[in-house]
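Per our numbering, the sequence shown starts with residue 2, numbered consecutively. Don't be surprised by glycine CBs; every beta carbon is placed ideally from N, CA and C. The structure presented is a predicted model; accordingly, all values stated were derived computationally and were not measured.
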Amino acid sequence: MTTRNVRRDLLNDLQPTYKYQCTHSSPYSSHCLFKRTSTNMLNYFPAVLLTMYFLLIAHAYGDSSSNTARVCRVHASADGVSDDAPAIRKAFEDCQRDGHIIFDDTTFHIESVLQTTGLHNVVIDLRSTLLWGTNITYWRANGLPLGYVNMTTAWMLGGNRITFNGYGTGTFDGNGQIWYDFANGVGNLAGRPINLMITNTTDSHFNNLRFVQSQFWTMAIKNAEDVLLDSIYINSTSSTTASTINTDGVDTFYANRITFRNWTVTCGDDNISTKANSTNILIQDSVFHAGRGIAIGSIGQYPGVYERVENVTAERVTCFGSTYAAYVKTWTGIQQNFPPNGGGGGLGYARNITFRDFDVFNLTDSVAFISQCTSYSGATGGCDTSLFQISDVTWGPMVGNVASPTLASLQCSGSAPCPGIRFVDFDAIGTIGHSRQITCENIVNPIGFNCTS
């Protein structure tokens, strides 16, 4: 019997009077309580004495297996400039199951792609910096496929019961300025890699991580369920005139029961975006600087493919200078070219979406926005052709101001008008002038507001 097992049995024997029970009463959280039982502690006294005896024996003779988890320490290269990715890959391979991976407190140079998937019951501790290399030719040619919209990633990470701790200092530095300058405003430039892709992942927790100067999207979450990302800091800003287009904070695909809590995001595109087949998404207690706010979509990019976004709640969010508080966007019903910059004709729905308790300051466009007019770069028209159904979307209550005369711009497809669009308590939102415009196309029985045009 190991010391670890003896201690576990001792703890089990010492707490028969109360039991800690959890019930999963919502898609997002567990409700736990202490429940009293009628067990008599005296019945356990012999077992307690025996357990203490084994504990003393194990301690006296030593126990090399007191920690059954294998520990893998990742060391940076001795010269401080060579590629550290091989050492990282080796650590994740050796500690793939029931492992504890600890990065040294230094800077690691990532010059090649990382694929660390199939993890099980693994703890990752990162207090240092992962710095991605600047060989644009390599990254564009060797990125790992996202498996959607023809995009790639620099690191593919996944598994079951992963705990990734950043301690507030663990940093992903994408060296993004070289990518901002190279793209020079071109959207979805081929081969521009997502910094981190979390894929095929369940029952996992990522916390207190920092991401700066991401190459493209900071994160993508795909084929994942029951994942919490808590206290995440993201800042992708340009020091030149080049824009930071496509530096989304995170995009989700085929993801269920994902919680984003305590995020701080500064970026040049969607702060958080829920895309194809994202369900039961919760966003809480987050602050966004610039960016486009929270996005539902874009979606409907693949012709004839049925997709959905459903049960999304964002609450207690603060936006400073974002384009919108939150918005919904789909592709038109006409396919023009191919992803990532083309597409259209997709089917499906987005419904049961709530954005509430927002504080908004100097939004640059409007509070609420719907567009079913996304099309191939440079293409126009077809805005009434989408069959993708948007319904049951609520904005509010919210307070703050918009640095424009427009409260909302709502353009739904004539082929699939939008019912159940609701505004709650918009009276505390100021606009420039007194017009407080709410422009509408194909909105069915608006709730809580009147369209001004």
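**Asked** Tell me which same chain residues have a C-beta within less than 7 Å of the C-beta of residue 294, skipping the five on either side of it?
**Response** 272, 320, 323, 324, 325, 326, 327, 328
**Request:** Could you name the residues that DSSP lists as bridge partners for residue 234?
**Result:** 211, 265
**Request:** Just grab the DSSP bridge partners of residue 101 for me.
**Result:** 72, 124
**Prompt:** Any idea what DSSP makes of residue 1, helix, strand or coil?
**Reply:** Any question about residue 1 goes unanswered here, given that the chain covers just 2 to 454.
**Prompt:** Closest by CA to residue 193, which one among 177, 204, 386?
**Reply:** 177
**Item:** residue 209 and residue 169 closer than 7 Å at C-beta
**Value:** yes
**Message:** Can you tell me whether residue 279 is buried or exposed? The criterion is at least 16 other CB atoms within 10 Å of its CB, across all chains shown.
**Reply:** buried
**Message:** If we require 3 or more residues per run, which beta strand (DSSP E) segments fall completely within the stretch 385 to 445?
**Reply:** 390 to 396, 399 to 403, 407 to 412, 422 to 424, 438 to 442
**Asked** Which two residues bound the contiguous alpha helix (DSSP H) that contains residue 181?
**Response** 178 to 184
**Asked** According to the neighbour-count rule (16 or more other Cβ atoms, all chains shown, within 10 Å of its Cβ), is residue 241 buried or exposed?
**Response** exposed
**Request:** Use the C-beta contact count for residue 452: other C-beta atoms within 10 angstroms, 16 or more gives buried, fewer gives exposed.
**Result:** exposed
**Request:** Could you work out which residue in 423, 310, 134, 164 is closest to residue 256 when comparing CA atoms only?
**Result:** 310
**Message:** Using 7 Å as the threshold, is the C-beta distance between residue 281 and residue 258 below it?
**Reply:** yes
**Request:** Within the same chain, show all residues whose beta-carbon is closer than 6 Å to that of residue 205, passing over the 5 residues directly before and after it, in chain order.
**Result:** 163, 228
**Request:** State the Cα-Cα distance for the pair residue 78 and residue 421, rounded to the nearest angstrom.
**Result:** 58 Å
**Request:** Rounded to whole angstroms, what's the CA-CA distance from residue 225 to residue 370? Just pull it up for me.
**Result:** 28 Å
**Message:** For residue 175 and residue 108, I'd like the C-alpha separation in whole angstroms.
**Reply:** 13 Å
**Message:** Looking only at its chain, what residues have a beta carbon closer than 7 Å to the beta carbon of residue 353, apart from the 5 residues adjacent to it on each side?
**Reply:** 311, 312, 393
**Message:** Need the endpoints of the beta strand (DSSP E) that residue 168 sits in, please.
**Reply:** Careful: residue 168 lies outside any beta strand (DSSP E) and carries neither H nor E.
**Item:** Backbone secondary structure at residue 136 - three-state DSSP
**Value:** coil
**Prompt:** Nearest CA to the CA of residue 449: which residue from 254, 350, 423?
**Reply:** 423
**Neighbour-count burial assignment, residue 428, 16 or more Cβ in a 10 Å radius** = exposed
**Message:** Checking 7 Å against the spacing of the C-beta atoms, do residue 173 and residue 195 come in under that value?
**Reply:** no
**Request:** Have a look at residue 221 and residue 202 and give me their C-alpha separation to the nearest angstrom.
**Result:** 12 Å
**Message:** For residue 94, report the span of its alpha helix (DSSP H) as first-last.
**Reply:** 86 to 95
**Asked** To which residues of the same chain is residue 171 closer than 6 Å at the C-beta, ignoring the five residues directly before and after it?
**Response** 127, 128, 210
**Prompt:** Excluding the five sequence neighbours on either side, which residues of its own chain have a C-beta within less than 7 Å of the C-beta of residue 404, listed in chain order?
**Reply:** 363, 364, 365, 433
**Message:** Do residue 334 and residue 388 have their beta-carbon atoms positioned less than 7 Å apart in this structure?
**Reply:** yes
**Item:** Supposed close pair residue 368, residue 396 - CB separation, criterion 8 Å
**Value:** 6 Å
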